[in-house]
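Right, one structure below, let's go through it.
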Amino acid sequence: MAGTCAFSEIIEGDVYKYYSEGEWKVSSSGKTVSIVNPTTRKTQFKVQACNQEEVNKIVESAKAAQKSWAKTPLWKRAELLHKAAAVLKEHKKPIAECLVKEIAKPAKDAVTEAVRSGDLVSYCAEEGVRILGEGKFLVSDSFPGNERTKYCLTSKIPLGVVLAIPPFNYPVNLAVSKIAPALIAGNSLCSSPHPGKDMTLENASLGLPIQGAVAALHMVHCFHLAGFPKGLISCVTGKGSEIGDFLTMHPGVNCISFTGGDTGVAISKKAGMIPLQMELGGKDACIILEDADLDLAASNIVKGGFSYSGQRCTAVKVVLVMESVADELVKKVNETLAKLTVGPPEDDCDITPVVTESSANFIEGLVMDAKQKGATFCQEYKRQGNLIWPLLLDNVRPDMRIAWEEPFGPVLPVIRINSVEEGIRHCNASNFGLQGCVFTRDINKAILISDAMETGTVQINSAPARGPDHFPFQGLKDSGIGSQGVTNSINMMTKIKTTVINLPSPSYTMG
Ligand SMILES: NC(=O)c1ccc[n+]([C@@H]2O[C@H](COP(=O)([O-])OP(=O)(O)OC[C@H]3O[C@@H](n4cnc5c(N)ncnc54)[C@H](O)[C@@H]3O)[C@@H](O)[C@H]2O)c1
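In terms of the UniProt record's numbering, the sequence shown opens at residue 1 and continues consecutively.
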């Protein structure tokens, strides 16, 4: 159970502690932040409301710990990460239980997130050993006017303290996708979830959303149990108004890796001259051509649009279907939608309550706007508390908000198009550019469409997806800065250092 056995030291009374200098602590603020269960809409957990002094302490200790961590042999860093991965997988149940209670993730998916996170940490350790163990050797005579008098050696060095801020929807997986690359590359980590509103924070490269923070605290404890040095990883929780900007603008932070919504745009504007990795929102389009396998398209639209109740950055968020096949596609999607189960996450239902009441209200606003402007409701709109029944909206037009905005809920608009160009125009007019997908049996057309879509990734004949976690993952426009995926994240969390050996006279091999 959450907070018991191996995790008993992370809680005092009914309040979870924060993690600093290798210890679980109670904040001197004497204040707490409540986490509301999306299903019951009652307080489920409480976490510490840390203050700025505690953030300073964490950054200070992260700085000190990083210095010796950077001198720890790469194989030893990898060994510790493998250990953390094993502990994480061993404790998948209590972590999953938090995900069910905090973010209403269906029980089976919650376990999958914990296991996938362990796998990601191990993969990262292996990839780090491969790519950080190599550098480059350059010679000067390849550049005009130079003799072979200079040998240049390059290697990758850590950045320092990485601040990691994951979103609520994958608070464990999207935290370790920042923590593990940072650690293997020799950085320390600060993590902070939800500092704009309420937040939890981890040090040495991690930040936690308040919703999902307790799952993340459990995950951090797995790193503690694995035996990482004191101060290298920390995790603070608190109110955004108190420590949000303070943390993201902290002079001791050398890199920010953030996943979330528009908050990321604001953070980017305020952050100093440090590397940023931003994985932000999306409005992933699914373009369906006349020759598409409509059964395949329909099942992917339902899986892509409604898994975890549509609360995924890479969810299908708008369907752009050729008019000639639209009726048939809509019928097939509706048939599949009718099979989804709706209810509590504990029962492993497909559709579970969305994360907060304000999120449910926002989704409802988009639905009502579409209704007022004449969209066709394929199902009756139904809501109980935070639980919204799956809804397909047909005949959506560009003047409706839902054609452009990200509902982050189980509501999907269908726009009928008369040409592929019209679909691409709609897709490219979005301020987002995360992923997109196209369904066709003609690979030549698929490639042309993929090239034309202004998104970080295009999936051919499958719904958008972030994984497998070693694939590059990036957004264009307001969807992000930089690229994730294990290899890209490790590289992003390092910089290049060169040493040049200057010879008194040119030296040519075998010369
Ligand atoms: N592109 C991706 O990889 C990806 C993945 C998952 C989710 N998302 C996006 O995330 C959004 C949903 O997640 P969310 O509601 O948690 O997003 P959010 O932007 O509200 O919050 C993200 C994180 O930022 C923190 N935060 C909020 N204000 C902050 C501030 N002032 N300073 C520092 N941190 C602050 C939050 O605590 C949370 O940990 C959606 O837009 C979704 O598309 C993107």
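Positions of the beta carbon are idealized from the N, C-alpha and C atoms, including for glycine. Everything numeric in this text was worked out from a predicted model, so none of it was measured.
Continuous alpha helix (DSSP H) stretch holding residue i: start and end
{"i": "GLN44", "result": "Unbroken run through GLN44 is the beta strand (DSSP E), 43-48; no alpha helix (DSSP H)."}
{"i": "CYS427", "result": "420-429"}
{"i": "PRO181", "result": "173-184"}
{"i": "LYS67", "result": "52-69"}
{"i": "PHE306", "result": "294-306"}
{"i": "VAL486", "result": "486-492"}
Check: residue i C-beta below 7 Å from any heavy atom of ligand 1
{"i": "CYS5", "result": "no"}
{"i": "TYR170", "result": "yes"}
{"i": "ILE363", "result": "no"}
{"i": "GLY240", "result": "yes"}
{"i": "GLY475", "result": "yes"}
{"i": "ASP295", "result": "no"}
{"i": "CYS313", "result": "yes"}
{"i": "PHE228", "result": "no"}
{"i": "ILE210", "result": "yes"}
{"i": "SER234", "result": "no"}
{"i": "GLU454", "result": "no"}
{"i": "ASP245", "result": "yes"}
{"i": "PRO166", "result": "yes"}
{"i": "PHE45", "result": "no"}
{"i": "GLY281", "result": "yes"}
{"i": "ARG466", "result": "yes"}
{"i": "LEU434", "result": "yes"}
{"i": "LEU503", "result": "no"}
{"i": "LEU174", "result": "yes"}
{"i": "PHE408", "result": "yes"}
{"i": "GLY480", "result": "yes"}
{"i": "THR263", "result": "yes"}
{"i": "ILE95", "result": "no"}
{"i": "GLY260", "result": "yes"}
Collapsed DSSP secondary structure at residue i in the structure displayed
{"i": "ILE103", "result": "helix"}
{"i": "MET322", "result": "strand"}
{"i": "THR263", "result": "helix"}
{"i": "GLY3", "result": "coil"}
{"i": "ASP14", "result": "coil"}
{"i": "GLY480", "result": "strand"}
{"i": "LEU503", "result": "coil"}
{"i": "GLU9", "result": "helix"}
{"i": "ALA375", "result": "coil"}
{"i": "PRO345", "result": "helix"}
{"i": "GLY310", "result": "helix"}
{"i": "MET199", "result": "The pLDDT assigned to MET199 is 45, lower than 50, so where the model puts this residue is not dependable; a value taken from the coordinates is nonetheless given after this. Of the three classes helix, strand and coil, the one that applies to MET199 here is strand, per DSSP."}
{"i": "LEU393", "result": "strand"}
{"i": "VAL355", "result": "coil"}
{"i": "LEU208", "result": "Confidence at LEU208 is low in this model, with a pLDDT of 45, below 50, so the placement of that residue should be treated as unreliable; the coordinate-derived value is given next. Residue state, collapsed to three classes: strand."}
{"i": "LYS331", "result": "helix"}
{"i": "ALA285", "result": "strand"}
{"i": "PHE362", "result": "helix"}
{"i": "residue 527", "result": "Nothing can be reported for residue 527, as the shown portion of the chain is limited to 1 through 511."}
{"i": "ARG130", "result": "helix"}
{"i": "LEU189", "result": "strand"}
{"i": "ARG466", "result": "coil"}
{"i": "SER20", "result": "strand"}
Short CB-CB distance (under 8 Å) between residue i and chain B
{"i": "GLN48", "result": "Considering every chain present, this structure includes no chain B. It has just one protein chain."}
Residue span of the beta strand (DSSP E) that contains residue i, given as start and end
{"i": "ASP451", "result": "Not the beta strand (DSSP E): ASP451 falls in the alpha helix (DSSP H), residues 443-452."}
{"i": "LYS156", "result": "150-158"}
{"i": "MET278", "result": "276-279"}
{"i": "VAL414", "result": "411-417"}
{"i": "residue 512", "result": "In this structure the chain extends from 1 to 511, so residue 512 is not present and cannot be described."}
{"i": "GLY436", "result": "435-439"}
{"i": "ILE460", "result": "457-460"}
{"i": "VAL36", "result": "32-36"}
{"i": "VAL139", "result": "136-139"}
Nearest-angstrom Cβ-Cβ length linking residue i and residue j, presumed shorter than 8 Å
{"i": "HIS82", "j": "SER122", "result": "6 Å"}
{"i": "ILE58", "j": "SER234", "result": "4 Å"}
{"i": "PRO464", "j": "VAL355", "result": "Going by Cβ atoms, the distance from PRO464 to VAL355 rounds to 20 Å, so no, they are not a contact pair."}
{"i": "VAL55", "j": "LEU247", "result": "6 Å"}
{"i": "THR149", "j": "ASN428", "result": "No, THR149 and ASN428 are not in contact; Cβ-Cβ is about 50 Å, not under 8 Å."}
{"i": "LEU153", "j": "THR494", "result": "At roughly 15 Å, the Cβ-Cβ gap does not stay under 8 Å, so LEU153 and THR494 are not in contact."}
{"i": "ALA110", "j": "CYS222", "result": "Not a contact, Cβ separation roughly 15 Å."}
{"i": "TYR16", "j": "PHE45", "result": "6 Å"}
{"i": "VAL414", "j": "VAL330", "result": "6 Å"}
{"i": "PRO410", "j": "GLY310", "result": "5 Å"}
Residue i beta carbon near ligand 2 (any heavy atom closer than 7 Å)
{"i": "GLU421", "result": "Ligand 2 is not part of this structure, which contains only ligand 1."}
### Query
Which ranges would you report for the beta strand (DSSP E) in the segment 73-123 if only whole runs of at least 3 residues count?
Unbroken beta strand (DSSP E) stretches of 3 residues or longer found wholly inside the segment 73-123: none.
### Task
Scan the segment 220-274 and note each continuous alpha helix (DSSP H) run of 4 residues or more that stays entirely inside, going in chain order.
Within the segment 220-274, the runs of alpha helix (DSSP H) that reach at least 4 residues and sit entirely inside it are, in chain order, 240-248 and 263-270.
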